[in-house]
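So the structure is just underneath, and the comments pick up after that.
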Amino acid sequence: MMGRTFLEQTVMTERIIEPAPNAPAKPEINPLLKLALELGPLVVFFFANSRGEAIVARFPALAELGGPLFVATALFMAATVIALAVSYALTRTLPIMPIVSGLVVVVFGTLTLWLQDEVFIKMKPTIVNGLFAAVLLGGLAFGKPLLGYVFDQAFKLDDEGWRKLTLRWGLFFVVLAVVNEVVWRNFSTDFWVAFKVWATMPITMIFMLTQIPLLKRHSLEPLFDKKS
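Quick look at the structure:
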C-alpha cells in the first residue's frame with residue numbers, strides 16, 4: 016500500500032497537465048501572479064499594436080513581419096509562450112485553459128504571419144471561446160464540471176456549485192465568441208484590438224462579480240479568506 020501511494024504521488028508530480036481539482040498534491044501559484052501570466056500576453060498585444068511603428072523604428076528587423084498588427088501578433092505569440100514557460104517553471108504543470116488558448120494563438124498567429132492575413136488572428140478569440148464553451152458544456156453532458164480545474168485554487172465548492180458555475184461560464188464563452196464575431200466583422204482593426212483588451216476584460220469581471228452569490232451558497236469554506 017505504501018509503495019502504491021508513493022507511485023501515485025510520483026506520477027502526479029510528474030504530470031505536465033494540471034491534476035484534478037482540489038488534488039492535495041496540486042502545486043499552487045499566487046493568484047495575482049497567475050492573473051499576470053494570463054493577461055500579460057494580451058497587454059503586450061495591445062501595446063505592440065498601438066505602438067507598432069515606434070517598435071519597428073527601434074527594431075527594424077521587425078518590419079519584415081508587416082504592419083503593426085502583424086508585429087503585435089508575433090510579440091503576442093512570444094509572450095504567450097514565455098508566460099506558459101514561467102507557469103511551468105513555477106508549478107511544474109501547465110494550466111489547461113491557458114495552454115489551449117496558447118496553442119490556438121500559436122497556430123492562428125502563424126497563419127496570420129505566413130499568409131499576411133489579419134483575419135486569422137481576429138478569429139482567434141472566437142475559436143478559443145467557442146472551444147472553451149464546447150469543452151465546459153460537453154464536460155457537463157458527461158457529468159464532469161471541468162471549471163474546477165480553473166478556479167479550484169481560488170474557491171472550494173460543492174459538486175452542485177461547480178456544475179452551476181461551469182454551465183454559466185460555458186454559456187458566457189458562447190456570448191464572447193458571438194460578440195467577437197460581430198465586432199471584428201463590422202468595425203476597424205484598431206477598434207477590435209481596443210475592444211479585445213479594454214471591453215472584454217471588464218465584461219468578464221462584471222460577469223464574475225455576478226457569480227458571487229452562487230459562490231457563497233456553494234462554498235465549502237469562507238470566501239476570500241484563504242490563508243496566506
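If you want the numbering used here, it's the 1-based position in the sequence shown plus 15. Cβ coordinates follow ideal geometry from the N, Cα and C atoms, glycine included.
Margin query: Could you check whether the Cβ of V190 sits closer than 7 Å to any Cβ belonging to chain C?
Written below: Judged by its chain identifiers, the structure shown contains no chain C, having just a single protein chain.
Notebook entry, point to check: Just the Cα atoms here: how many angstroms apart are A76 and V86?
Noted result: Taking the Cα positions, A76 is about 10 Å away from V86.
Checklist line | Alpha-carbon to alpha-carbon, E53 and P113 | finding: In this model, P113 and E53 are separated by some 7 Å (Cα to Cα).
Check: Which of the three DSSP states, helix, strand or coil, is assigned to L2?
Finding: Look at the range of the chain in this structure, 16 to 243, and you will see that residue 2 is not part of it.
Next item on the list: Please determine, among V58, T225, N64, the residue with the shortest C-alpha to C-alpha distance to F206.
Entry: Of the residues V58, T225, N64, the one whose Cα lies closest to the Cα of F206 is N64.
Next item on the list: Please name the residue, chosen from A93, L162, G81, that lies closest to R178 on a Cα-to-Cα basis.
Entry: Of the listed residues, the one whose Cα sits closest to R178 is L162.
Next item on the list: Please state if the CB of T127 and the CB of E196 are separated by a distance shorter than 7 Å.
Entry: Contact check for E196 against T127 fails: the beta carbons are separated by 7 Å or more.
Next item on the list: Could you check what DSSP says for S234 in three-state terms: helix, strand or coil?
Entry: DSSP places S234 in strand when its eight states are reduced to three.
Check: Is it the case that the Cβ atoms of M92 and V119 are separated by a distance below 7 Å?
Finding: It is not a contact, given that the beta carbons lie outside the stated cut-off.
Check: Going straight from the alpha carbon of R200 to that of A214, what length do you get?
Finding: So the alpha carbons of these two residues sit roughly 17 Å apart.
Next item on the list: Report the rounded CA-to-CA distance for S234 versus K171, giving the unit in angstroms.
Entry: A direct Cα-Cα distance of roughly 6 Å separates S234 from K171.
Margin query: Check this for me: beta carbons of L146 and T181, under 7 Å apart or not?
Written below: Contact flag unset, no.
Next item on the list: Grab me the residues of I70's own chain with a C-beta within less than 7 Å of its C-beta, minus the 5 sequence neighbours each way, in chain order.
Entry: Counting only residues of its own chain and dropping the five nearest sequence neighbours on each side, I70 has a CB closer than 7 Å to the CB of A63, L77, V86.
Item checked: Of the residues N144, F202, V115, the one placed nearest F187, counting alpha carbons only -> For the residues N144, F202, V115, the minimum Cα distance to F187 belongs to N144.
Next item on the list: Using 10 angstroms around the beta-carbon of F74, count the other beta-carbons present and answer buried if the total reaches 16, otherwise exposed.
Entry: Counting the other Cβ atoms within 10 Å of the Cβ of F74 gives fewer than 16, which makes it exposed.
Check: Taking the alpha-carbon positions, what's the S203 to P56 distance?
Finding: Straight-line Cα distance between these residues: approximately 22 Å.
Next item on the list: Quick one: which unbroken alpha helix (DSSP H) runs of 4-plus residues sit fully inside the region 109 to 144? Chain order, please.
Entry: Unbroken alpha helix (DSSP H) stretches of 4 residues or longer found wholly inside the region 109 to 144: 111 to 130, given in chain order.
Check: Looking only at its own chain, which residues have a Cβ that is under 6 Å from the Cβ of I227, when we skip the five neighbours before and after it?
Finding: For I227, where only same-chain residues beyond five positions count, there are no Cβ hits under 6 Å.
Next item on the list: Determine which residues share a DSSP beta bridge with L172 and list them.
Entry: S234.
Checklist line | Cα-Cα separation, A94 to L84 | finding: Each residue's alpha carbon lies about 15 Å from the other.
Next item on the list: Specify the secondary structure class of G67 as computed by DSSP and reduced to three states.
Entry: Three-state DSSP puts G67 in a helix.
Next item on the list: With DSSP collapsed to three states, give me the class of R107.
Entry: Note: R107 maps to coil in three-state DSSP.
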